[in-house]
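Worksheet for the structure shown next.
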Amino acid sequence: MGAPKQKWTAEEESALKAGVKKHGVGKWRNILKDPEFSTDLQFRSNIDLKDKWRNMSVTGNVGCVSTERAKPATKKRRRLSRSKELDEEGEYSPPMAIKTKLEEVTPIASSFVPLQIELEETKKPIKRFDNLILEALTQLQEHEGSNQTSIAMYIEEKYQAPPDFQRLLSAKIRSLVDSGKLTKVNRNYKLAPTNTSLQERTPRPPPPRTDNYDVKRQMMMRAEGDLAVTIQEAADSAARAVAEAEVADAEAREAARKAEKIEVEAQAAQAFVESVILHMKNRNSATLMIQS
646 MGAPKQKWTA EEESALKAGV KKHGVGKWRN ILKDPEFSTD LQFRSNIDLK DKWRNMSVTG
706 NVGCVSTERA KPATKKRRRL SRSKELDEEG EYSPPMAIKT KLEEVTPIAS SFVPLQIELE
766 ETKKPIKRFD NLILEALTQL QEHEGSNQTS IAMYIEEKYQ APPDFQRLLS AKIRSLVDSG
826 KLTKVNRNYK LAPTNTSLQE RTPRPPPPRT DNYDVKRQMM MRAEGDLAVT IQEAADSAAR
886 AVAEAEVADA EAREAARKAE KIEVEAQAAQ AFVESVILHM KNRNSATLMI QS
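Mapped onto my numbering, the consecutive letters of the sequence shown carry residue numbers 646 to 937.
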């Protein structure tokens, strides 16, 4: 449940008043880091400073810092930090800004001037704890990692935290470590190497397409033209081949016809020679018979 809160000492109250006077209300982190007040407030957190200052403002125990605040019918701004609307997804939805007027109250030990307080939203509604923790680690950018206190202070400065913020934050950090989104180094936490959910991503410019596109288009057009020329040339070549084949066929037929004619003439000539030889043989035989 955590260690019990110690009672505020006079030195701590004086340091708180001086810190508010120097840095202003709500600058709890700056006050804690200021060497002038860090010694007296070393056991206090920014939540302790915020709660103590609210109590001192209500009871009128803010000394010289509250001279203007103690006047009747004056207004001050205070963020809504005590809402308990935490949904099941870890998102905190603060109530709408309201206005209330404190009635005059007379405590047993002291009395104070009634204040008219205006409650308004001064910080963003809290988002999912996962995203807040990752955002804090990304923005803090500490080389050795950030501890839970640094993460809590970053979130409380920018968002409205619920009452049980520290408990929820501790549980959510353990969950992120178990899931591998965070890595724990000693008592610090760092983003896992593979976690790029909150890293800035520079969109890649589209590759220039004008030159390449024109070149490709020209190549395609040239290829289409070459293809058309090739097809036409192939058609012309085929037509010429067919015509040449027809001419060769006609010439072959003519040559065959002439060969047949020559063969017929040769046969006729041979028959004529044979008939002449036979006639001469018969004539010689007749002459020999006459002489004998």
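By construction, the Cβ of each residue, glycine as well, lies at the ideal position given by its N, Cα and C atoms.
All figures in this text were calculated on a predicted structure; none of them were measured in a lab.
Unbroken beta strand (DSSP E) run spanning threonine 684, endpoints: Within the sequence shown, numbered from 1, the residue matching residue 684 stands at position 39. Where threonine 684 is concerned, there is no enclosing beta strand (DSSP E), given that its DSSP letter is neither H nor E.
Where do the ends of the alpha helix (DSSP H) carrying lysine 940 lie? Residue 940 falls outside the range modelled here, since the chain spans only 646 to 937, and no answer is possible.
By the DSSP assignment, the alpha helix (DSSP H) with asparagine 700 in it spans what residues? Start at 1 with the first residue of the sequence shown, and residue 700 comes out as number 55. For asparagine 700, the enclosing alpha helix (DSSP H) begins and ends at 691-704.
Between the alpha carbons of glutamine 877 and glutamine 863, how many angstroms are there, rounded? Here the question's residue 877 lines up with position 232 in the sequence shown. Here the question's residue 863 lines up with position 218 in the sequence shown. Roughly 21 angstroms separates the two Cα atoms.
Buried or exposed (CB count within 10 angstroms, at least 16 for buried), serine 702: Reading the sequence shown from its first residue, position 57 is the one you call residue 702. Taking a 10 Å sphere around the C-beta of serine 702, we find 16 or more other C-beta atoms and assign the residue as buried.
Alpha carbon of valine 665 to alpha carbon of leucine 694, nearest angstrom: On the sequence shown, position 20 is the one that residue 665 refers to. On the sequence shown, position 49 is the one that residue 694 refers to. Going from the Cα of valine 665 to the Cα of leucine 694 covers about 10 angstroms.
Residue burial classification, arginine 689 (beta-carbon count within 10 angstroms, cutoff 16): Counting from 1 along the sequence shown, the entry for residue 689 is found at position 44. Flag for arginine 689 reads buried.
Say whether the stretch 678-687 touches the stretch 787-800, bearing in mind that this needs 3 or more beta-carbon pairs closer than 8 angstroms, one atom from each stretch. No, they do not touch.
DSSP three-state assignment for asparagine 831, whether helix, strand or coil: What you label residue 831 is simply residue 186 of the sequence shown in a count that begins at 1. Reduced to three states, the DSSP call for asparagine 831 is coil.
Tell me serine 791's beta-bridge partners as DSSP assigns them. Position 146 of the sequence shown, counted from the start, is the residue given in the question as residue 791. DSSP lists Tyr834 as partners of serine 791.
Would you check whether the ligand ATP has a heavy atom nearer than 7 angstroms to the C-beta of glutamine 786? With respect to small molecules bound, the structure shown includes none, and the ligand ATP cannot be examined in it.
Starting from the C-beta of glutamate 802, find all residues in its chain whose C-beta is less than 7 angstroms away, skip the five residues before and the five after it, and write them out in chain order. For the purposes of this step, residue 802 is taken as the residue at position 157 of the sequence shown. These residues qualify, in order along the chain: Arg674.
Compute the Euclidean distance between the alpha carbons of alanine 781 and lysine 662, then round it to the nearest angstrom. Indexing the sequence shown from 1 puts residue 781 at position 136. Indexing the sequence shown from 1 puts residue 662 at position 17. Distance between the alpha carbons of alanine 781 and lysine 662: 29 angstroms.
Compute the distance between the beta-carbons of asparagine 831 and serine 791, then report whether it is under 8 angstroms. Here residue 831 refers to the residue found at position 186 when the sequence shown is read from its first residue. Here residue 791 refers to the residue found at position 146 when the sequence shown is read from its first residue. No, they are not a contact pair.
Whole angstroms are fine: how far does the CA of glutamate 896 sit from the CA of glutamate 889? The sequence position of residue 889 within the sequence shown is 244, counting from 1. The sequence position of residue 896 within the sequence shown is 251, counting from 1. Take the alpha-carbon of glutamate 889 and the one of glutamate 896: they are about 10 angstroms apart.
Give a yes or no on whether the C-beta atoms belonging to threonine 828 and lysine 817 are separated by under 8 angstroms. One-based indexing of the sequence shown puts residue 828 at position 183. One-based indexing of the sequence shown puts residue 817 at position 172. It is not a contact, given that the beta carbons lie outside the stated cut-off.
By the three-class DSSP mapping on this structure, what secondary structure does glutamate 656 have? Walking along the sequence shown from the start, residue 656 turns up at place 11. Under the three-state reduction of DSSP output, glutamate 656 falls in the helix class.
What is the DSSP secondary structure of proline 717, reduced to helix, strand or coil? For the purposes of this step, residue 717 is identified with residue 72 of the sequence shown, where counting begins at 1. In this predicted model, proline 717 has a pLDDT of only 38, less than 50, meaning its place in the structure is not dependable; the value taken from the coordinates is given anyway. When DSSP states are grouped into helix, strand and coil, proline 717 belongs to the coil group.
Closest by C-alpha distance to tryptophan 958, when choosing among Val860, Gln687 and Trp653: The requested residue 958 is not part of the displayed model; the chain covers only 646 to 937.
Taking C-alpha atoms, which residue in Gln805, Tyr804 and Phe810 lies nearest to glutamine 793? The sequence position of residue 793 within the sequence shown is 148, counting from 1. Comparing Cα-Cα distances from glutamine 793 to each of Gln805, Tyr804 and Phe810, the minimum goes to Phe810.
Quick check on the DSSP output: the alpha helix (DSSP H) that includes aspartate 775 runs from which residue to which? Locating residue 775 in the sequence shown gives position 130, where the first residue counts as 1. Annotation: the continuous alpha helix (DSSP H) that includes aspartate 775 extends over 774-785.
Closest by C-alpha distance to tyrosine 804, when choosing among His788, Ser824, Arg819 and Leu777: Residue 804 sits at position 159 when you count from the first residue of the sequence shown. Nearest of His788, Ser824, Arg819 and Leu777 to tyrosine 804, Cα basis: Leu777.
Which residues mark the beginning and the end of the alpha helix (DSSP H) in which lysine 678 is found? To locate residue 678, count along the sequence shown from 1; it is residue 33. Its alpha helix (DSSP H) spans residues 673-678.
Proximity of glutamate 656 and aspartate 685 at Cβ, strictly below 8 angstroms: One-based indexing of the sequence shown puts residue 656 at position 11. One-based indexing of the sequence shown puts residue 685 at position 40. Yes, Cβ-Cβ distance for glutamate 656 and aspartate 685 is below 8 angstroms.
Once you ignore the five residues that flank alanine 660 on each side, which residues in its own chain have a CB closer than 7 angstroms to its CB? Counting from 1 along the sequence shown, the entry for residue 660 is found at position 15. Listed in chain order, the non-local C-beta contacts of alanine 660 below 7 angstroms within the same chain comprise Phe682, Asp685 and Leu686, local neighbours out to five positions each way being set aside.
May I have the straight-line CA-CA distance separating glycine 669 from serine 824, to the nearest angstrom? Looking up residue 669 in the sequence shown gives position 24. Looking up residue 824 in the sequence shown gives position 179. Each residue's alpha carbon lies about 40 angstroms from the other.
Separation of leucine 785 from leucine 747, as counted between CA atoms: Reading the sequence shown from its first residue, position 102 is the one you call residue 747. Reading the sequence shown from its first residue, position 140 is the one you call residue 785. Note that leucine 747 scores a pLDDT of 42, beneath 50, so its modelled location is shaky; the value from the coordinates is reported in the next line. Between leucine 747 and leucine 785, the alpha-carbon positions lie close to 40 angstroms from each other.
Measure the CB-CB distance between leucine 602 and aspartate 775 and report whether it falls below 8 angstroms. What the structure shows of the chain is the stretch from 646 to 937, and residue 602 is not part of that stretch, so it cannot be assessed.
If you run the structure through DSSP and keep just helix, strand and coil, what is leucine 933? Taking the first residue of the sequence shown as 1, we reach residue 933 at position 288. Residue state, collapsed to three classes: helix.
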